[in-house]
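Inspection log for the structure reproduced underneath, given as structure tokens.
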């Protein structure tokens, strides 16, 4: 982490020390474990807005630490939520990823990644930067000890055409099949005949960290929300189990992806 981030973490450590509380007791007061507090203070995981809000609310700091985090975001080249999430993603031992609209970023081809950014919202330079960053993030799946990635996609993701991009969806589907052959990558499809189900509420990711704690991510058109409050994470974990149960088993999912790939060549 950078110098500015180190300053914020040092302020958190000094503040806790001034309260006379251990990391365990400090964590209990704000709704987090002592190991979570330790990981934040040592830079093992970035402090989130929820974490800072919890500190400010419990200790009545008038929003001091949330302001620090927002100031840190202004000094960073990447949006705060993306910077935070990339760090969680790199450290995670397991990623449970549900997608309703797109192929998960870690499983996208370069052409597909560019197509998701089309439409005029981003200029050419921004598209190049975002695509490069997204492809760079995929390296975590190729490292010696990669995270376990369990991706659940709605079937509509595979069948949505990309106009004026012949062959793109064939390429993307074949890429999914290739990646899904790896032991640490599972791809499951929720078939169209599942009808309405809880996943219709939107995309989300659950990341499990080395210490066993979990953090979640969900985004929308403008920004993203990273949640690590245990009660909220538990709710989303329950949603994951319900959505996962709607999906086809691994082999049947791969067969469906292959079937869809063939349909794009007709």
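Numbering (the working numbering), first residue to last: 3 to 268.
Think of the CB as a built atom: it goes at the ideal place given N, C-alpha and C, for glycine as much as any other residue.
Residue i to residue j span [Cα, whole Å]
i: residue 3; j: residue 47; result: Residue placement at residue 3 is poorly supported in this model, since its pLDDT is 47, which falls under 50; the coordinates are not used for a value here.
i: residue 164; j: residue 209; result: 30 angstroms
i: residue 110; j: residue 36; result: 37 angstroms
i: residue 180; j: residue 90; result: 26 angstroms
i: residue 32; j: residue 153; result: 32 angstroms
i: residue 130; j: residue 54; result: 33 angstroms
i: residue 186; j: residue 22; result: 44 angstroms
i: residue 217; j: residue 105; result: 21 angstroms
i: residue 261; j: residue 247; result: 22 angstroms
i: residue 133; j: residue 243; result: 31 angstroms
i: residue 169; j: residue 226; result: 31 angstroms
i: residue 2; j: residue 161; result: Not covered by the structure: residue 2. The range shown for the chain is 3 to 268.
i: residue 238; j: residue 20; result: 35 angstroms
i: residue 38; j: residue 236; result: 16 angstroms
i: residue 28; j: residue 220; result: 27 angstroms
i: residue 269; j: residue 184; result: Since the first residue of the chain shown is 3 and the last is 268, residue 269 is not available in this structure.
Per-residue DSSP class, three states only, for residue i
i: residue 278; result: There is simply no residue 278 to check, as the chain begins at 3 and stops at 268 in what is shown.
i: residue 266; result: coil
i: residue 151; result: strand
i: residue 221; result: strand
i: residue 15; result: helix
i: residue 3; result: Low per-residue confidence applies at residue 3: pLDDT is 47, beneath 50, and the placement is therefore not dependable, though the value from the model is reported in the following sentence. In this structure, residue 3 counts as coil in the three-state DSSP scheme.
i: residue 253; result: helix
i: residue 61; result: helix
i: residue 96; result: strand
i: residue 117; result: helix
i: residue 101; result: strand
i: residue 215; result: coil
i: residue 79; result: With a pLDDT of 46 at residue 79, under the threshold of 50, the modelled position of that residue is not reliable, and the figure given next carries that caveat. Three-state result, residue 79: coil.
i: residue 182; result: coil
i: residue 164; result: coil
i: residue 234; result: helix
i: residue 227; result: strand
i: residue 208; result: strand
i: residue 144; result: coil
i: residue 188; result: strand
Contact check, residue i vs residue j, beta carbons under 7 angstroms
i: residue 245; j: residue 200; result: yes
i: residue 14; j: residue 43; result: yes
i: residue 50; j: residue 228; result: yes
i: residue 88; j: residue 182; result: no
i: residue 25; j: residue 40; result: yes
i: residue 140; j: residue 119; result: no
i: residue 68; j: residue 58; result: yes
i: residue 84; j: residue 45; result: no
Where residue i falls, given that 16 or more other Cβ within 10 Å makes a residue buried
i: residue 234; result: exposed
i: residue 60; result: exposed
i: residue 9; result: exposed
i: residue 267; result: exposed
i: residue 253; result: exposed
i: residue 18; result: buried
i: residue 212; result: exposed
i: residue 125; result: exposed
i: residue 258; result: buried
i: residue 127; result: exposed
i: residue 77; result: Confidence at residue 77 is low in this model, with a pLDDT of 49, below 50, so its placement is unreliable and the value that follows should be read with caution. By the neighbour-count rule (16 or more Cβ atoms within 10 Å), residue 77 is not buried but exposed.
i: residue 16; result: exposed
i: residue 230; result: buried
i: residue 249; result: buried
i: residue 138; result: exposed
i: residue 103; result: exposed
Residue i CB to nearest heavy atom of the ligand MN below 6 angstroms
i: residue 144; result: The ligand MN is absent from the structure shown, which contains no ligands of any kind.
Open item on the list: Would the segment 147-158 count as touching the segment 183-193 if we require 3 or more Cβ pairs under 8 angstroms?
Closed with: yes
TODO: Take every Cβ of the segment 199-219, pair it with every Cβ of the segment 93-108, and state whether three or more of those distances are shorter than 8 angstroms.
DONE: yes
Task: Cβ contact (3+ pairs, closer than 8 angstroms) linking the segment 112-129 and the segment 168-177 - done: yes
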